[in-house]
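Chemist: Going down the list, the protein sequences come from chains R and X. Take the first sequence: its position 10, counted from the start at 1, is 10 in this note's numbering, and no numbers get skipped. Take the second sequence: its position 47, counted from the start at 1, is 1047 in this note's numbering, and no numbers get skipped. All C-beta atoms, glycine included, are put in the ideal place defined by N, C-alpha and C.
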Amino acid sequence: SQKIEQNSEALNIQEGKTATLTCNYTNYSPAYLQWYRQDPGRGPVFLLLIRENEKEKRKERLKVTFDTTLKQSLFHITASQPADSATYLCALIRGGYQKVTFGTGTKLQVIP
Amino acid sequence: KAGVTQTPRYLIKTRGQQVTLSCSPISGHRSVSWYQQTPGQGLQFLFEYFSETQRNKGNFPGRFSGRQFSNSRSEMNVSTLELGDSALYLCASSLTGQGYEQYFGPGTRLTVT
């Protein structure tokens, strides 16, 4: 069966360091992969989208990589700040009807 | 540009009742998707509507249904509520579909007692 795993439920990191979150998938061939941020009591907020033929995407302090051979995406936040503390979700989208499946999320805590 | 709005924000219902939730997408967005979020199962896709047609459906029982109107506003209905239906119901709109950037609303917190 199809499975999406995000490296850990929670990740604590010191302010100023780079946070790296992992999204692994099996039995899946996504056409796109998205990353979202969700704060408590709010809906997810779109951050980045990367296509299967792209290796890397950047936006300000954010970087996403997509390795279809390893079936893995890495999400990096450089120079992390306490305001980056939130739950981060990866979402895989197949081609065709573009049905989306979300991972369970990683709760990031940036410690001052 | 106004964001996605959902009403009501909070609801308490009793087992066996039915409920209707409403979602107004961002102006110009034709795709509306619905999700259920629970601590145990995470964010699960319910269905997607595009130009008043259901284009995608998740693995939920037939008690969960939805529709989209000509102005792209959408409603979802849950009949014969069960305790396990307690969740945060999120609506997301997009220009063309889930494969592109989705904008989520604040959600409706449904509690079934």
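(1) Out of X:Arg1073, X:Gly1062, X:Thr1007, which one is the CA nearest neighbour of X:Phe1050?
(2) Could you check the C-alpha separation between R:Tyr28 and R:Gln6 for me, to the nearest Å?
(3) Name, please, each residue of chain X whose Cβ falls closer than 7 Å to the Cβ of R:Pro44.
(4) In terms of alpha-carbon separation, which member of R:Thr26, R:Ala91, R:Glu9 lies closest to R:Thr106?
(5) Checking contacts by CB at 9 Å: is R:Gln109 closer than that to chain X?
(6) Taking the beta carbon of R:Leu21 as the centre, do at least 16 other beta carbons fall within 10 Å, making it buried, or is it exposed?
(7) Within the segment 34-110 of chain R, note down every full beta strand (DSSP E) run reaching 3 residues or more, in order along the chain.
(8) Let's test the definition: count the other Cβ atoms within 10 Å of the Cβ of X:Tyr1089 and tell me whether it reaches 16, buried, or not, exposed.
(9) Does DSSP classify X:Ser1084 as helix, strand or coil?
(10) Note down, one range per segment and in chain order, each beta strand (DSSP E) of at least 3 residues found wholly within the segment 1013-1088 of chain X.
(11) Does the Cβ of R:Lys99 have 16 or more other Cβ atoms within 10 Å, making it buried, or fewer, making it exposed?
Modeler: Short version:
(1) Indexing the second sequence from 1 puts residue 1050 of chain X at position 50. Closest option to X:Phe1050, Cα to Cα, is X:Arg1073.
(2) Mapped onto the first sequence, residue 28 of chain R falls at position 28. Mapped onto the first sequence, residue 6 of chain R falls at position 6. Approximately 15 Å between the Cα atoms of the pair.
(3) If you number the first sequence from 1, residue 44 of chain R lands on position 44. For the C-beta of R:Pro44, the chain X residues within less than 7 Å are, from N- to C-terminus, Phe1104.
(4) Taking the first sequence and counting its residues from 1, the one referred to as residue 106 of chain R is at position 106. R:Thr106 has its Cα closest to that of R:Glu9, out of R:Thr26, R:Ala91, R:Glu9.
(5) On the first sequence, position 109 is the one that residue 109 of chain R refers to. By this cut-off, R:Gln109 is not an interface position.
(6) Counting from one through the first sequence, the residue named residue 21 of chain R turns up at place 21. R:Leu21 is buried by the Cβ-count criterion.
(7) 45-51, 56-59, 62-67, 72-77, 86-93, 100-102
(8) Reading the second sequence from its first residue, position 89 is the one you call residue 1089 of chain X. That one is buried.
(9) Residue numbering aside, residue 1084 of chain X sits at position 84 when the second sequence is read from its first letter. The amino acid at residue 1084 of chain X is misidentified as Ser; the sequence shows Gly. Correct three-state label for X:Gly1084: helix.
(10) Segments of the beta strand (DSSP E) lying fully in the segment 1013-1088 of chain X: 1019-1024, 1031-1038, 1042-1050, 1053-1057, 1064-1068, 1074-1078.
(11) Within the first sequence, residue 99 of chain R is the residue found at index 99, counting from 1. It counts as buried.
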